[in-house]
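A.B. asks: Top line first, the protein sequences correspond to chains V and Y.
This note's numbering numbers the first residue of the first sequence as 71 and each following residue consecutively.
This note's numbering numbers the first residue of the second sequence as 71 and each following residue consecutively.
Yeah, the Cβ is synthetic: ideal placement off N, Cα and C, and Gly gets one too.
If you're wondering where the values come from, they're calculated on a predicted model, not measured in any experiment.
There's a structure below that I have some questions on.
Protein chains: 2
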Amino acid sequence: MTAMGKPDSLYIPTYEDVIAAHERIAPHIHRTPILTSTYFNELSGAELFFKCENFQKAGAFKVRGASNAVFGLDDEKAKKGVATHSSGNHALSLSYAAGRRGIPVTVVMPRTAPDAKKAAVRGYGGTIVECEPSTSSREATFAEVVAETGAEFVHPYNDPRVIAGQATCSKEMMDQVDGLDAVIAPIGGGGMVSGTCLTLSNIAPDVKIYAAEPLNADDAARSFRAGHIIADDAPQTIADGLKVPLKELTWHFVSNYVTDILTATEEEIVAAMKLTWERMKIVMEPSCAVPLATILKNKEVFAGKRVGVIVTGGNVDLDKLPWIKG
Amino acid sequence: MTAMGKPDSLYIPTYEDVIAAHERIAPHIHRTPILTSTYFNELSGAELFFKCENFQKAGAFKVRGASNAVFGLDDEKAKKGVATHSSGNHALSLSYAAGRRGIPVTVVMPRTAPDAKKAAVRGYGGTIVECEPSTSSREATFAEVVAETGAEFVHPYNDPRVIAGQATCSKEMMDQVDGLDAVIAPIGGGGMVSGTCLTLSNIAPDVKIYAAEPLNADDAARSFRAGHIIADDAPQTIADGLKVPLKELTWHFVSNYVTDILTATEEEIVAAMKLTWERMKIVMEPSCAVPLATILKNKEVFAGKRVGVIVTGGNVDLDKLPWIKG
Chain V
71 MTAMGKPDSL YIPTYEDVIA AHERIAPHIH RTPILTSTYF NELSGAELFF
121 KCENFQKAGA FKVRGASNAV FGLDDEKAKK GVATHSSGNH ALSLSYAAGR
171 RGIPVTVVMP RTAPDAKKAA VRGYGGTIVE CEPSTSSREA TFAEVVAETG
221 AEFVHPYNDP RVIAGQATCS KEMMDQVDGL DAVIAPIGGG GMVSGTCLTL
271 SNIAPDVKIY AAEPLNADDA ARSFRAGHII ADDAPQTIAD GLKVPLKELT
321 WHFVSNYVTD ILTATEEEIV AAMKLTWERM KIVMEPSCAV PLATILKNKE
371 VFAGKRVGVI VTGGNVDLDK LPWIKG
Chain Y
71 MTAMGKPDSL YIPTYEDVIA AHERIAPHIH RTPILTSTYF NELSGAELFF
121 KCENFQKAGA FKVRGASNAV FGLDDEKAKK GVATHSSGNH ALSLSYAAGR
171 RGIPVTVVMP RTAPDAKKAA VRGYGGTIVE CEPSTSSREA TFAEVVAETG
221 AEFVHPYNDP RVIAGQATCS KEMMDQVDGL DAVIAPIGGG GMVSGTCLTL
271 SNIAPDVKIY AAEPLNADDA ARSFRAGHII ADDAPQTIAD GLKVPLKELT
321 WHFVSNYVTD ILTATEEEIV AAMKLTWERM KIVMEPSCAV PLATILKNKE
371 VFAGKRVGVI VTGGNVDLDK LPWIKG
């Protein structure tokens, strides 16, 4: 089911890079706790260990990769700052990391992005340059920003520094929980899943790696079965962190190390999200309810197993909850 | 400001009772974690340590006192079961504890109580006997239940076993955090605050104890200033766990050991609740947002101090959030 996808141009990070990343970012991130839930263990028939990256700095795991990229720059490059295009957690995380280092950060965002997200980026000291909500406008605007500032581009996921940073999450989890049989994480562009593959293939190759994806944005699952990247055109899902397609570097890891990609419907995602809030008393965003939704739907896959579940983030608009009709 | 209030008839629990309670209930409760938040430290000017009883079994600290009462019964008494009247967290907690011991539990609840609460009690194996929503109906119904079953009455807070159980929360917190200057907890009937007084007056008498109360149900604050119990008639507040009045045993602890009782408006409570969900990614119920609301409003009292904040519970109706107009 896997294909030997290999990026043509990009450096493939090694486990040494993960160790270096962890040392580099440790002062700037939380070692997030593991929570367990008798309720969900009974409901699933598995033993679940939730790695709570919703409690992470800037509210999501993305701060690991962003911090690794920012703090790995030499002083000369750092002076010119960093830049990215994102309207989500990567924008917040890169702004947080750049703020910690005291260097400029520019984020290209569609002018239609939610005000709350823009305010959060500015709150961390980021500069926003608005573009029209189209790929061509975004790319043109971003090229201008880089030409003007000389800033270092930090891609949200197709970047070896970012993947090595995300890989520190499962490195911590393996220290915190003994005897895991499997780890599951949501998949969008594949940054977290690639980091998980990087860590586990090196230090725990017997642990199975599952990715969880919204059925409405199942390009990674279809790519996985086809053996090559299939990029969807603007999928619609409540799990807004998971709309982006795989790229060459994440495809390398996904195609080589993932056991399976499971999908869940929008209703199943919302139900799992609400149930987690109700029973575990934690705020998770729709994207990170997808793994639990797929576990509850594929009980036979996980029954009797010790499963690490990466809760990727908690940045939710509390005024617009999907189970409350506005 | 304190008066030597002394219960006439009730046994005053000692710290030895707290140690015994902790041993008795340890297999049945969580040792809940402490969370910290850079954001709230900066906002308040204090160093805050949140003791997360919203992650507790049955979703609230009340399971400590209920479990101590249930597991402290001798076998003969236990056979007849336990009973209480409550439509809140005590009903859930007593049902949970009785279920763990495998003994009957009957809860008298007004027929107007939310279906979700009734379902939760039944989910833990409790039997509900409905009464009319009036004190006279509740008392008559409850008397019938006890006459019929011979069940042991476990009062939600005016009970030495319950107070000794709640006292295990601050006992844990003192193990988990060094050098606290103050502890703050919400006050309704005063069970948690009394338990906190019981522990701290014995093992850390220099740590100041603050209670936080909704301004709309400020009977404890007024009692504290008057020097005797003032019971309010049906106060209206969103913090529905804090409507009940002090009783003789809790008044003993509150009047002797509390430094001050601070109040917050409904708007301040809802704002603190929402802000905690947003920034800490934890689900807390309105009642337990009251301490944070009073800290943010009385910054001069807590500035520069290390403050333990007891987050008492997380049982919220997610379909009816106070900041979303239905």
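Taking Val277 (chain Y) as the reference, give the member of Y:Ala161, Y:Thr269, Y:Glu283 with the closest Cα.
C.D. replies: As a working note, residue 277 (chain Y) is residue 207 in the second sequence. It is Y:Thr269.
A.B. asks: If we ignore side chains and look at the alpha-carbon of each, how far apart do Asp389 (chain Y) and Ala290 (chain Y) end up?
C.D. replies: Taking the first residue of the second sequence as 1, we reach residue 389 (chain Y) at position 319. Taking the first residue of the second sequence as 1, we reach residue 290 (chain Y) at position 220. In a straight line, the C-alpha of Asp389 (chain Y) is about 31 Å away from that of Ala290 (chain Y).
A.B. asks: If you reduce the DSSP assignment to three classes, tell me which class Lys278 (chain V) lands in.
C.D. replies: Start at 1 with the first residue of the first sequence, and residue 278 (chain V) comes out as number 208. In the structure shown, Lys278 (chain V) sits in a strand (DSSP, three-state: E or B).
A.B. asks: May I have the straight-line CA-CA distance separating Leu400 (chain V) from Gly265 (chain V), to the nearest angstrom?
C.D. replies: No information on residue 400 (chain V) is available, as it lies outside the stretch 71 to 396 that chain V covers here.
A.B. asks: Between which two residues does the alpha helix (DSSP H) holding Ala186 (chain V) run?
C.D. replies: Working through the first sequence from its first residue, we reach residue 186 (chain V) at position 116. Start and end: 185-193.
A.B. asks: What are the boundary residues of the alpha helix (DSSP H) that Met244 (chain V) is part of?
C.D. replies: The residue given as residue 244 (chain V) occupies position 174 in the first sequence. From DSSP, the alpha helix (DSSP H) with Met244 (chain V) extends over 230-246.
A.B. asks: Mind listing the chain Y neighbours of Asn124 (chain V)? Cutoff is C-beta to C-beta under 7 Å, in chain order.
C.D. replies: Start at 1 with the first residue of the first sequence, and residue 124 (chain V) comes out as number 54. Under the 7 Å cutoff, chain Y gives Lys351.
A.B. asks: Mind checking the stretch 371-396 of chain V against chain Y and listing, in chain order, the residues whose C-beta falls within less than 9 Å of any C-beta there?
C.D. replies: For the stretch 371-396 of chain V, which is checked against every Cβ of chain Y, the residues closer than 9 Å are Gly383, Gly384, Asn385, Val386, Leu388, Asp389, Lys390, Leu391, Trp393, Ile394, Gly396.
A.B. asks: Determine the DSSP secondary structure at Thr72 (chain V), reduced to helix, strand or coil.
C.D. replies: Taking the first residue of the first sequence as position 1, residue 72 (chain V) is located at position 2. With a pLDDT of 34 at Thr72 (chain V), under the threshold of 50, the modelled position of that residue is not reliable, and no figure is offered here.
A.B. asks: Per DSSP, Ala252 (chain Y) is paired with what?
C.D. replies: Numbered from its first residue, the second sequence carries residue 252 (chain Y) at position 182. DSSP output for Ala252 (chain Y) lists Y:Lys278, Y:Val377 as bridge partner(s).
A.B. asks: Identify, in the order they occur along the chain, each residue of the same chain with its Cβ nearer than 8 Å to the Cβ of Ile273 (chain V), setting aside the five sequence neighbours on each side.
C.D. replies: As a first step, residue 273 (chain V) is located in the first sequence; it is residue number 203 there, counting from the start. Excluding positions up to five away in sequence, the list reads Tyr85, Lys241, Met244.
A.B. asks: Helix or strand or just coil, what does DSSP make of Met343 (chain V)?
C.D. replies: For the purposes of this step, residue 343 (chain V) is taken as the residue at position 273 of the first sequence. DSSP places Met343 (chain V) in helix when its eight states are reduced to three.
A.B. asks: Using a beta-carbon distance below 8 Å, is Glu348 (chain Y) in contact with chain V?
C.D. replies: The sequence position of residue 348 (chain Y) within the second sequence is 278, counting from 1. Yes - at least one Cβ of chain V is within 8 Å of the one on Glu348 (chain Y).
A.B. asks: Per DSSP, what kind of secondary structure is His155 (chain V) in: helix, strand or coil?
C.D. replies: As a first step, residue 155 (chain V) is located in the first sequence; it is residue number 85 there, counting from the start. Note: His155 (chain V) maps to strand in three-state DSSP.
A.B. asks: Kindly say whether Pro256 (chain Y), judged by its beta-carbon, lies nearer than 8 Å to any beta-carbon of chain V.
C.D. replies: The sequence position of residue 256 (chain Y) within the second sequence is 186, counting from 1. Pro256 (chain Y) does not count as touching chain V.
A.B. asks: Write down the C-beta distance between Gly151 (chain Y) and Pro184 (chain Y) rounded to the nearest angstrom, noting that I regard them as a contact closer than 8 Å.
C.D. replies: By 1-based counting over the second sequence, the position of residue 151 (chain Y) is 81. By 1-based counting over the second sequence, the position of residue 184 (chain Y) is 114. Incorrect: roughly 24 Å between the Cβ atoms, too far for contact.
A.B. asks: Using alpha carbons as the reference points, say which of V:Gly297, V:Glu348, V:Ala301 lies closest to Ala186 (chain Y).
C.D. replies: One-based indexing of the second sequence puts residue 186 (chain Y) at position 116. That would be V:Glu348, whose Cα lies nearest to the Cα of Ala186 (chain Y).
A.B. asks: Tell me which residues of the stretch 188-214 of chain Y have at least one Cβ-Cβ distance to chain V shorter than 7 Å, keeping chain order.
C.D. replies: Taking 7 Å as the Cβ-Cβ cut-off against chain V, none of the residues of the stretch 188-214 of chain Y qualify.
A.B. asks: Would Met74 (chain Y) be called buried (16 or more neighbouring beta carbons within 10 Å of its own) or exposed?
C.D. replies: In the second sequence, the residue the question calls residue 74 (chain Y) occupies position 4. Model confidence at Met74 (chain Y) stands at a pLDDT of 42, short of 50, so the residue's coordinates are unreliable; what they give is reported in the following sentence. Per the 10 Å Cβ criterion, exposed.
A.B. asks: From Thr364 (chain V) to Ala136 (chain V), what distance separates their C-alpha atoms?
C.D. replies: Against the first sequence, residue 364 (chain V) aligns to sequence position 294. Against the first sequence, residue 136 (chain V) aligns to sequence position 66. Their Cα atoms are separated by approximately 28 Å.
A.B. asks: Is there at least one Cβ from chain V nearer than 8 Å to Lys147 (chain Y)'s Cβ?
C.D. replies: Position 77 of the second sequence holds residue 147 (chain Y). Chain V, which has no Cβ nearer than 8 Å to the Cβ of Lys147 (chain Y), makes this no.
A.B. asks: Pull up the distance between the alpha-carbon of Ser163 (chain Y) and that of Glu222 (chain Y), whole angstroms please.
C.D. replies: For the purposes of this step, residue 163 (chain Y) is taken as the residue at position 93 of the second sequence. For the purposes of this step, residue 222 (chain Y) is taken as the residue at position 152 of the second sequence. Their backbone Cα atoms lie some 15 Å apart in a straight line.
A.B. asks: Quick one: measure Cβ to Cβ for Val224 (chain V) and Ala96 (chain V), integer angstroms, because I've assumed they're closer than 8 Å.
C.D. replies: For the purposes of this step, residue 224 (chain V) is taken as the residue at position 154 of the first sequence. For the purposes of this step, residue 96 (chain V) is taken as the residue at position 26 of the first sequence. Incorrect: roughly 19 Å between the Cβ atoms, too far for contact.
A.B. asks: Quick check on DSSP: helix, strand or coil for Pro103 (chain V)?
C.D. replies: Sequence index remark: in the first sequence, residue 103 (chain V) carries index 33 (1-based). Coil at Pro103 (chain V), not helix or strand.
A.B. asks: Would you list the residues sitting across from Pro284 (chain Y) in a DSSP beta bridge?
C.D. replies: Residue mapping note: residue 284 (chain Y) aligns to position 214 of the second sequence, counting from 1. Its beta-bridge partners are Y:Ala334.
A.B. asks: At the level of alpha carbons, what is the spacing between Arg231 (chain V) and Glu318 (chain V)?
C.D. replies: Position 161 of the first sequence, counted from the start, is the residue given in the question as residue 231 (chain V). Position 248 of the first sequence, counted from the start, is the residue given in the question as residue 318 (chain V). So the alpha carbons of these two residues sit roughly 15 Å apart.
A.B. asks: Report the three-state DSSP secondary structure of Asn385 (chain Y) (helix, strand or coil).
C.D. replies: Here residue 385 (chain Y) corresponds to residue number 315 of the second sequence, with the count starting at 1. Asn385 (chain Y): coil per DSSP, three-state reduction.
A.B. asks: Would you report the Cα separation of Pro180 (chain Y) and Glu218 (chain Y), rounded to the nearest angstrom?
C.D. replies: As a position in the second sequence, residue 180 (chain Y) is number 110, starting the count at 1. As a position in the second sequence, residue 218 (chain Y) is number 148, starting the count at 1. One C-alpha to the other measures close to 19 Å.
A.B. asks: Which residues, in order along the stretch 89-103 of chain V, keep a beta-carbon less than 9 Å from a beta-carbon of chain Y?
C.D. replies: Correct list: Pro103.
A.B. asks: Within this structure, are the beta carbons of Pro83 (chain Y) and Ala234 (chain Y) separated by less than 8 Å?
C.D. replies: Here residue 83 (chain Y) refers to the residue found at position 13 of the second sequence. Here residue 234 (chain Y) refers to the residue found at position 164 of the second sequence. Contact: yes.
A.B. asks: Would you say Gly235 (chain V) lies against chain Y (beta-carbon separation less than 8 Å)?
C.D. replies: Here residue 235 (chain V) refers to the residue found at position 165 when the first sequence is read from its first residue. Not closer than 8 Å to any Cβ of chain Y, the Cβ of Gly235 (chain V) fails to qualify, so no.
A.B. asks: With distances taken Cα to Cα, identify the nearest neighbour of Thr382 (chain Y) among Y:Trp393, Y:Val360, Y:Pro392, Y:Ile394.
C.D. replies: Working through the second sequence from its first residue, we reach residue 382 (chain Y) at position 312. Checked all of Y:Trp393, Y:Val360, Y:Pro392, Y:Ile394; the closest Cα to Thr382 (chain Y) is Y:Val360.
A.B. asks: Considering only residues of the same chain and omitting the five flanking positions on each side of Lys313 (chain V), which have a CB-CB separation below 6 Å?
C.D. replies: Within the first sequence, the letter at position 243 stands for residue 313 (chain V). Taken in chain order, the residues that qualify are Ala287, Pro305.
A.B. asks: At 4 residues or longer, what runs of the alpha helix (DSSP H) sit wholly inside the stretch 195-220 of chain Y?
C.D. replies: Listed in chain order, the complete alpha helix (DSSP H) runs (minimum 4 residues) inside the stretch 195-220 of chain Y are 205-219.
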